[in-house]
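**Q** Mind looking over this structure? Questions follow.
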Amino acid sequence: MKTLKSFIYLLTLIVSLHMVAQKNDLSNVVILATGGTIAGVGETGAQAGYTSGQVGIETMINSVPGIEKLANLTGKQISNVGSQDMSIKIWLKIANRINELLASEDVDGIVITHGTDTLEETAFFLNLIVKSDKPVVTTGSMRPSTAVSAEGPLNLYNAVAVAAHPDSKGRGTMVVLNDQIHAARAVTKTNTNAVQAFVSPFRGLLGSVIYGQIEFYRKPFGVHSTESIFSVDDISSLPRVDIIYAAADSSADLIDLSIKAGVKGIVIAGVGNGNMNTAMLEACKKAVNQGIVVVRSTRLPSGYVIRNAEVNDDEIGTIASDDLNTAKSRVLLMLCLHETKNAKDIQEIFYNY
Ligand code: ASP
């Protein structure tokens, strides 16, 4: 029954995509909507309070004049949540759907609308797991759809323009907001409310997109997409990895609690160059000795965490995150732990992905 349903679904998808493909010479772009502020609604146009994930994909597309001239568009609702509720289950659903769609000759690119809070994590996850060089573009907005000067419609317009453009191929998963094109690995959210919230502080922008006009500056750093060893095919869940934040005189209790909870990996959001106080370091040693993989990242927005700088990683068995931020270190570690627990191999992956 399930097989028959999937077959009928696939057939309908192929037929409808084929019909779209015949319409004209435009690229075929599928928009997968997941929720977020871009689909958020407030009672008035000038208030801070609103609810994420209220507007459906069709309404979002219809609110962008001229978008139909950029590409033949199909919209699919994957979820409708604030991205604070984004989950590994939804990630797997998105990744599987993208792989299915991009395997078809009739799909040229994908846009994912998403909340901005965890956008960088989803984008990086897709960057590591999507098996295609066709463009995958994520976007969102800082202002809800009902706000005065909501910027979601222009972000969606620009995201579709990037997804439809042949130069966008081979650049991994991208993040398009506020006229800028970021690489998933490099980008981070740096402001709670401003429209210019996303920056790529260490590696810089991939390019820019002004009312659909695109200029790329470079290729992204790091192994991604078809070159990546990670595959969604054999994943139905990911191992638990906790993030623990370091500060002056932090207690080590949270590390001990994580160990007790049966965690498989820990990412420390360290001070400075991935440092932590003696108590936390001792707790990390204990974790490593129990087979838990510990990554040292930094709570700072930019810079390398250097192996064996002030912490002797060789002796303790910890891993340095290189320039990957804490949230993305957790994503990479979860995927690594699905494959291996070998600290040396995982360190190599952190240097290269
Ligand atoms: N909390 C919202 C979310 O991430 C914020 C946003 O989208 O800007 O879904």
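Here the sequence shown stands for residues -21 to -1, 1 to 332, numbered as in mature numbering (1 follows the signal peptide of the UniProt record, and there is no 0).
Just so you know, even glycine gets a beta-carbon here, dropped at the ideal spot from N, CA and C.
Distance check for N287 and A102, CA to CA, integer angstroms please.
**A** Position 123 of the sequence shown holds residue 102. Position 308 of the sequence shown holds residue 287. Going from the Cα of A102 to the Cα of N287 covers about 30 angstroms.
**Q** Using DSSP with H/G/I as helix, E/B as strand and the rest coil, what is R122?
**A** Locating residue 122 in the sequence shown gives position 143, counting from the first residue. Here R122 sits in coil by DSSP.
**Q** So the candidates are F329, Y136, I271 and V127; which of them puts its Cα closest to the Cα of D44?
**A** Start at 1 with the first residue of the sequence shown, and residue 44 comes out as number 65. Note on identity: in this sequence residue 44 is Pro, with Asp being the wrong assignment. P44 has its Cα closest to that of Y136, out of F329, Y136, I271 and V127.
**Q** Quick one: is the Cβ of S66 within less than 8 angstroms of any heavy atom of ligand 1?
**A** Within the sequence shown, numbered from 1, the residue matching residue 66 stands at position 87. Not so, every heavy atom of ligand 1 lies at least 8 angstroms from the Cβ.
**Q** Run through the segment 3 to 78 for me and flag every whole alpha helix (DSSP H) of 4 or more residues, listed as ranges in chain order.
**A** Qualifying alpha helix (DSSP H) stretches, in chain order: 36 to 41.
**Q** If you compare alpha carbons, which of A266, E84 and A162 is closest to S204?
**A** For this step, residue 204 is matched to residue 225 along the sequence shown. Taking only the C-alpha atoms, the option nearest S204 is A162.
**Q** DSSP three-state label for S281, please.
**A** As a first step, residue 281 is located in the sequence shown; it is residue number 302 there, counting from the start. Note: S281 maps to coil in three-state DSSP.
**Q** Would L119 pass as a contact of G94 if the rule is Cβ separation under 9 angstroms?
**A** Residue numbering aside, residue 119 sits at position 140 when the sequence shown is read from its first letter. Residue numbering aside, residue 94 sits at position 115 when the sequence shown is read from its first letter. Sequence check: residue 119 is Gly here, not Leu. Closer than 9 angstroms, so yes.
**Q** Hey, R309 and V246 are a contact pair by Cβ (cut 8 angstroms); roughly how many whole angstroms apart?
**A** For the purposes of this step, residue 309 is taken as the residue at position 330 of the sequence shown. For the purposes of this step, residue 246 is taken as the residue at position 267 of the sequence shown. The Cβ separation is near 5 angstroms, so the contact holds.
**Q** Using DSSP bridges, identify the partner residues of G88.
**A** Locating residue 88 in the sequence shown gives position 109, counting from the first residue. Note: G88 sits in a beta bridge opposite V8.
**Q** Could you pull out every unbroken beta strand (DSSP E) segment of at least 3 residues lying fully inside the segment 140 to 216, listed in chain order?
**A** Fully enclosed beta strand (DSSP E) runs of 3 or longer: 152 to 156, 159 to 162, 186 to 189 and 192 to 195.
**Q** Compute the beta-carbon to beta-carbon distance between V188 and A225, rounded to the nearest angstrom, for a pair I have assumed lies under 8 angstroms.
**A** One-based indexing of the sequence shown puts residue 188 at position 209. One-based indexing of the sequence shown puts residue 225 at position 246. So it is not a contact: roughly 37 angstroms between Cβ atoms.
**Q** Taking buried to mean at least 16 other C-beta atoms within 10 Å of its own C-beta, is A82 buried or exposed?
**A** Reading the sequence shown from its first residue, position 103 is the one you call residue 82. Exposed: under 16 other Cβ atoms inside 10 Å.
**Q** What is the DSSP secondary structure of T101, reduced to helix, strand or coil?
**A** Stepping through the sequence shown from its first residue, residue 101 is reached at position 122. Reduced to three states, the DSSP call for T101 is helix.
**Q** Using only the heavy atoms of ligand 1, determine whether one of them is closer than 8 angstroms to the beta carbon of S124.
**A** Translated into positions along the sequence shown, residue 124 becomes position 145. It does not: the Cβ of S124 is nowhere closer than 8 angstroms to a heavy atom of ligand 1.
**Q** Could you name the residues of the same chain whose beta carbon sits closer than 7 angstroms to that of M(-3), not counting the 5 residues immediately before and after it, in chain order?
**A** Your numbering for residue -3 matches position 19 in the sequence shown. Because the pLDDT at M(-3) is just 47, under 50, the model does not fix this residue reliably, and the value given afterwards should be weighed accordingly. None.
**Q** Quick check on V242: does DSSP put it in helix, strand or coil?
**A** If you number the sequence shown from 1, residue 242 lands on position 263. Reduced to three states, the DSSP call for V242 is coil.
**Q** Excluding the five sequence neighbours on either side, which residues of its own chain have a C-beta within less than 6 angstroms of the C-beta of R275, listed in chain order?
**A** As a working mapping, residue 275 is identified with position 296 in the sequence shown. Same-chain partners within the cutoff: I247, G249, G253, V284, T297 and A299.
**Q** Would you kindly work out how many angstroms separate the C-alpha atoms of D302 and G201, rounded to a whole number?
**A** Position 323 of the sequence shown holds residue 302. Position 222 of the sequence shown holds residue 201. When rounded, the distance between both Cα atoms is 11 angstroms.
**Q** Can you give me the C-alpha to C-alpha distance between N321 and V273, rounded to a whole angstrom?
**A** Here residue 321 corresponds to residue number 342 of the sequence shown, with the count starting at 1. Here residue 273 corresponds to residue number 294 of the sequence shown, with the count starting at 1. Roughly 11 angstroms separates the two Cα atoms.
**Q** Could you tell me which of E22, L52, G28 and E37 sits nearest to L5, measuring between CA atoms?
**A** To locate residue 5, count along the sequence shown from 1; it is residue 26. Considering only alpha carbons, the answer is L52.
**Q** Could you round the C-beta distance between T13 and T125 to whole angstroms and report it? I think they count as a contact, below 8 angstroms.
**A** One-based indexing of the sequence shown puts residue 13 at position 34. One-based indexing of the sequence shown puts residue 125 at position 146. Wrong, their Cβ atoms sit about 19 angstroms apart, outside the cutoff.
**Q** Under three-state DSSP, which class holds G249?
**A** Sequence index remark: in the sequence shown, residue 249 carries index 270 (1-based). Three-state DSSP puts G249 in a strand.
**Q** Would you say the beta carbon of L133 is closer than 8 angstroms to some non-hydrogen atom of ligand 1?
**A** Residue numbering aside, residue 133 sits at position 154 when the sequence shown is read from its first letter. Not so, every heavy atom of ligand 1 lies at least 8 angstroms from the Cβ.
**Q** Between which residues of its own chain and I17 is the CB-CB distance below 6 angstroms, once the five residues before and five after are set aside?
**A** Here the question's residue 17 lines up with position 38 in the sequence shown. Hits under 6 angstroms: T92, G119, S120 and G131.
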